[in-house]
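A.B. asks: Residue numbers (our numbering): 23 to 249. Glycine included, C-beta positions come from ideal geometry on N, C-alpha and C.
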Amino acid sequence: MIKNNKFLVLFLCSVLCMISVFSVTVNVSAATEKSDGRNMKKVLYYYGKKEYKTARKYNKKISKVAKESCVANMTPRIKKAYKNVVNRYKLFDVNLSSQKHIWAYYLTDIDNDRKVDLLVKAGSCEADVKLYIYQYKNGKAKKIGAVDAFHTYYYAYPNHKGILGYGGMMGKEWIRLITVSNGKLKEKQIGSRGIKKHWFNLRCELNGHISYNDYTEEYEVDYKDLL
Numbered sequence: 023m024i025k026n027n028k029f030l031v032l033f034l035c036s037v038l039c040m041i042s043v044f045s046v047t048v049n050v051s052a053a054t055e056k057s058d059g060r061n062m063k064k065v066l067y068y069y070g071k072k073e074y075k076t077a078r079k080y081n082k083k084i085s086k087v088a089k090e091s092c093v094a095n096m097t098p099r100i101k102k103a104y105k106n107v108v109n110r111y112k113l114f115d116v117n118l119s120s121q122k123h124i125w126a127y128y129l130t131d132i133d134n135d136r137k138v139d140l141l142v143k144a145g146s147c148e149a150d151v152k153l154y155i156y157q158y159k160n161g162k163a164k165k166i167g168a169v170d171a172f173h174t175y176y177y178a179y180p181n182h183k184g185i186l187g188y189g190g191m192m193g194k195e196w197i198r199l200i201t202v203s204n205g206k207l208k209e210k211q212i213g214s215r216g217i218k219k220h221w222f223n224l225r226c227e228l229n230g231h232i233s234y235n236d237y238t239e240e241y242e243v244d245y246k247d248l249l
């Protein structure tokens, strides 16, 4: 009996430690998210006013990769629905390079409703690549729209009131805000400029979950956030 009680105590201690570590991790992530949000607001303000030196100063204070604490709160049903969507898109195949394939998928709360949304970047080439937005409604992942993703990467926007699209080509860069309101997708430009020497290199990029394996010479999907 005493031996069993010892095992029970050890088990309960282990569970409490795991809960404690998870809680601390979430709290730290949330704090980082708030700090990044405050600095990102300043970055966008000064970038829009073409005060790039000041914008760079605040950009350096932001995490390189976004800390999306909301991802940890996804239910198993949402994860399953989003994983099914991701699996519907094919990976790049050098023998079928002209077919539509997935370039990245992102998990974020784009409309601040405390529910994680799925964003899939897919296309056959830069000319037709788009960002498709899905939301979990009535037990299903529903596609609500798409925007052009031409030479664009995606970043966290303060308070989950949208996402940022940062990109450029041929000596020009831009930052755009993408929002969802009442199920409708909108996009507006925050600023743009010609590039003489250095790109702005916006920080707080969303995790794209797709990577290239140099050993196998194939693209791989990271499912860890959907398991």
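#1: Using a Cβ-Cβ cutoff of less than 7 Å, which residues in the same chain neighbour P180 once the five nearest sequence positions on both sides are dropped?
#2: Based on the DSSP secondary-structure assignment, which residues constitute the bridge partners of R198?
#3: Suppose you measure from the CA of L66 to the CA of A77; what does that come to, to the nearest Å?
#4: Would L166 pass as a contact of A144 if the rule is Cβ separation under 8 Å?
#5: Helix, strand or coil for H123, going by three-state DSSP, please let me know.
#6: If we count the other Cβ atoms within 10 Å of its Cβ and call it buried at 16 or more, is Q211 buried or exposed?
#7: Looking at C-beta atoms only, is the number of pairs between the stretch 202-219 and the stretch 95-104 that lie closer than 8 Å three or more?
#8: Comparing alpha-carbon positions, which option in H220, F222, G230 and Q157 lies nearest L207?
#9: According to DSSP, what are the bridge partners of I155?
#10: What do you get for G161, buried or exposed, if any count of 16 or more other CB atoms within 10 angstroms of its CB means buried?
#11: Counting only the same chain and skipping the five closest in sequence on each side, list residues whose C-beta sits under 8 Å from that of K152.
#12: Just how far apart, CA to CA, sit D133 and L140?
#13: Could you please give me the residues that DSSP links to I232 through a beta bridge?
#14: By alpha-carbon positions, which one of K112, Y127 and A126 ends up nearest to S120?
#15: Would the beta-carbon of N235 fall within 8 Å of that of E242?
#16: Once the 5 residues before and after F280 are set aside, which same chain residues still bring their CB inside 7 Å of it?
#17: Determine the closest residue to M96 out of I217, L129, G213 and I185, with distance taken between C-alpha atoms.
#18: Residue range of the alpha helix (DSSP H) that Y111 falls in?
C.D. replies: Well, looking at it:
#1: G59, M62 and K63
#2: G187 and Q211
#3: 7 Å
#4: Per the sequence presented here, residue 166 reads as Ile, with Leu not at that position. Going by C-beta atoms, I166 is not nearer than 8 Å to A144.
#5: strand
#6: exposed
#7: no
#8: Q157
#9: L141 and G167
#10: exposed
#11: K143, A144, G145, A168, V169, D170 and A171
#12: 12 Å
#13: V243
#14: K112
#15: yes
#16: Look at the range of the chain in this structure, 23 to 249, and you will see that residue 280 is not part of it.
#17: L129
#18: Where Y111 is concerned, there is no enclosing alpha helix (DSSP H), given that its DSSP letter is neither H nor E.
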